[in-house]
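These protein sequence lines are chains U and Z, in that order. Heads up: the first sequence runs through residues 172 to 572, numbered per my numbering. Heads up: the second sequence runs through residues 1025 to 1127, numbered per my numbering. Here the structure is laid out as structure tokens; the discussion comes afterwards.
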Amino acid sequence: MSGVVILGAGECGVRAALSAREAGYSGPITLISEEAGLPYERPPLSKPDAAGVIQKPICTAEMLRDKDITLLDGVEVAALDRNALSVSLSSGAMLYYDKLLFATGASPRQMACDGAERALTFRTAQDAGRIYDIAQPGTRVVIVGAGLIGLELAAVLVTRGVDVSVLEYAPVPLGRNVPRLLAQKIVDRHLAEGTKILCGVQVDRITASQVGLADGRMLDADLVVAAIGVAPRTDLAASAGLPIDNGICVNASLSTDDPHIFAAGDCASVLRGDTRQRLETWQNAQIQGDIAGRNMAGGQLTFENPVWFWSDQFDLGLQGVGQTAGAADATRQIDAGTEILFYLNDGRQLIGAIGLGSGNAVAKDIKLAQKLIEAGVPVDAASLCDPNINLKKLLRPATAA
Amino acid sequence: MANWIDACAADDIDEEDVIRFDHNGRTFAIYRSPDDEYFCTDGLCTHEKIHLAEGLVMDHTIECPKHNGQFDYRTGEAMRAPVCVNLGTYPVKVERDRVLIEI
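And the structure:
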């Protein structure tokens, strides 16, 4: 009997399975996971405790059993036959689908220099376990890539007493998704804690004990970690003839051209207006998984949500929502170490906000910003700048209307 | 035997807001609803032990500041992923402008 088949059992795939069931889908639901074991959350991998990597399950075996969801773990998909509506697995089994979801995520980009194979990546629980085993106090670790993930790992290792150098090809760290003002505060904190950060450098080769830079410098390294971003996992979709454009192309309902096939999460390139957008955040994986699950069960939802993300660096908490590119239109200084930048469109509607502070100091306002974005209510920059004005007040006229 | 603890002044909590209250090594969240009622739950989110008092109260829900899990703070019911375990709730009364909780 054919049913819903979900490729990938991360945050997105599991959410899709649960949501399809919640939406009333009564046929078989099968989750296929390349990794062995129960699905687990990835964010805690960069937040280990004293004992090492924290593996936090997304769901229990009982939960899956209760919802009549089958998990096939430690299995790869060998082939997809869109005419027969079937997938064949590495185990030899064949599954027939009525609806198929690509929730295949993304895989870390590999380095291309000599000795690149010596660099570990940082994506799975197994990766994290290897890194924390080697990176003991007093060891020297070189992290390539000063993005959020590379710096999160650096913060954790420096706190452990590891000698950490972070190398960045670009002129500044965090250039891709954090405004300069906030990025600089994160960098300053890293420097104060002892992280070494080298920008504008290129790795030429990796040897058994060193990293060689293009400018001739050599850095000692007991461990090299490549944190240079991820690439969407699209090989199977591409080989089955589905359109790919930095991800598997889907419309706002997360359906591909083939009405039987959906894609969601890190691997999906979603049409929003005239442009395609691919997002790599935990909440996006959840939201898109939920929408895809419900649509596979016959729903008519579209993905329009502003997406939220967070990063922990030491005890600093960064949170952002929506579009935060370019110059901010308003800055709210909550106290000396806590501020939020707001982004407006021409109609004075909020389209994005991003803030940095100690712990969860910006969380409440970022949540309210998300609600303001969704409400689409015009706001004035002066109110956003005034920390004594509760953002809830700006929201309420809209919800009362 | 009821054990009522004086937690705070009624005015210490803004309307539609929450504060943290620690007592004997335990931590609680005390809420004042938009209709001016008071409630008390466990202080930590059931997902990753984050203090809920740093989260956002909207109507009768509290949203965890970290991963956006939501609870109905009147009943403790887990309302939105990633939370799936309910919060414990505790009786509350207001006497002479003091908020008392029974724990």
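All C-beta atoms in this analysis are idealised placements derived from N, C-alpha and C, irrespective of residue type, glycine included.
query: Cα-Cα separation between Z:Glu1039 and Z:Tyr1062, rounded to whole angstroms; result: 10 angstroms
query: Assigned exposure category for U:Thr427 - 16 Cβ within 10 Å defines buried; result: buried
query: Inter-residue spacing [alpha-carbon to alpha-carbon] between U:Leu254 and U:Tyr268; result: Checking the sequence shown, residue 254 of chain U turns out to be Asn, not Leu. Distance between the alpha carbons of U:Asn254 and U:Tyr268 is about 11 angstroms.
query: Spatial distance of U:Leu242 from U:Gly184 (CA atoms); result: 11 angstroms
query: Validate contact between the stretch 296–310 of chain U and the stretch 346–363 of chain U using beta carbons, cut 8 angstroms, 3 pairs; result: no
query: DSSP-derived helix/strand/coil call for U:Ile525; result: strand
query: Under 8 angstroms from the C-beta of U:Ala534: neighbouring residues of chain Z; result: Glu1078, Gly1079, Leu1080, Pro1089, Lys1090
query: For U:Ser262 and U:Ala439, the rounded distance between their alpha carbons; result: 26 angstroms
query: Neighbour flag for U:Asn531 against chain Z, beta carbons, 7 angstroms; result: yes
query: Complete runs of the beta strand (DSSP E) confined to the stretch 352–432 of chain U [at least 3 residues]; result: 367–370, 374–377, 381–384, 389–391, 394–397, 401–403, 419–421
query: Runs of beta strand (DSSP E) lying entirely within the stretch 210–271 of chain U, each at least 3 residues, in chain order; result: 240–244, 248–252, 257–260
query: Which listed residue (U:Val335, U:Val333, U:Asp334, U:Ile357) has its alpha carbon closest to that of U:Pro344; result: U:Ile357
query: Endpoints, alpha helix (DSSP H) assigned at U:Arg465; result: 453–467
query: Cβ-based neighbour list, U:Pro228, same chain, cut-off 8 angstroms, excluding 5 preceding and 5 following; result: Leu209, Pro210, Tyr211, Glu212
query: DSSP bridge partner residues for U:Cys183 (one or two, in chain order); result: According to DSSP, U:Cys183 bridges with nothing at all.
query: Neighbourhood of U:Leu450 by C-beta, 6 angstroms cutoff - its chain only, sequence neighbours within 5 removed; result: Val478
query: Interface flag, U:Lys538 vs chain Z, CB-CB below 7 angstroms; result: yes
query: 7 angstroms Cβ cutoff met for U:Pro199 and U:Gly179; result: no
query: Exposure of U:Ile560, with buried meaning 16 or more beta-carbon neighbours within 10 Å; result: exposed
query: Residues of the stretch 449–480 of chain U whose Cβ lies closer than 9 angstroms to any Cβ of chain Z, in chain order; result: Trp453, Gln454, Gln457, Asp461, Trp479
query: Burial state of U:Glu182 (16 or more Cβ within 10 Å); result: buried
query: Neighbour flag for U:Thr570 against chain Z, beta carbons, 7 angstroms; result: A caution first: U:Thr570 carries a pLDDT of 49, below 50, which makes its placement in the model unreliable, though a value can still be read off. Answer no: the Cβ-Cβ gap between U:Thr570 and chain Z never drops below 7 angstroms.
query: Selection from U:Leu272, U:Gln541, U:Ala188 that minimises the alpha carbon distance to U:Val421; result: U:Leu272
query: Exposure of U:Ser529, with buried meaning 16 or more beta-carbon neighbours within 10 Å; result: exposed
query: Candidates Z:Arg1098, Z:Pro1115, Z:His1075: closest to Z:Cys1088 by CA position; result: Z:His1075
query: C-beta contact flag for U:Gln484 and U:Val533 at 7 angstroms; result: no
query: Beta-carbon gap between U:Leu291 and U:Arg301 smaller than 7 angstroms; result: yes
query: According to DSSP, residues forming a beta bridge with Z:Glu1101; result: Z:Asp1096
query: Length at least 4, wholly inside the stretch 265–337 of chain U: the alpha helix (DSSP H) runs in chain order; result: 296–305, 319–330
query: Three-state secondary structure (DSSP) of U:Leu487; result: strand
query: Cross-chain neighbours of Z:Ile1043 in chain U, by beta carbon under 8 angstroms; result: Residues of chain U passing the Cβ test: none, with the nearest at roughly 13 angstroms.
query: Beta-carbon proximity check, U:Ala463 vs U:Ala435, cutoff 7 angstroms; result: yes
query: Delimiting residues of the alpha helix (DSSP H) encompassing U:Cys556; result: 552–556
query: Residues that U:Arg186 contacts on chain Z, provided the C-beta gap is smaller than 8 angstroms; result: Ala1105
query: Closer than 6 angstroms: U:Arg567 CB and nearest the ligand HEM heavy atom; result: Ligands displayed in this structure: none; no statement on the ligand HEM is therefore possible.
query: Among U:Ala191, U:Ile320, U:Gly316, U:Val224, the one whose alpha carbon lies nearest that of U:Thr452; result: U:Ile320
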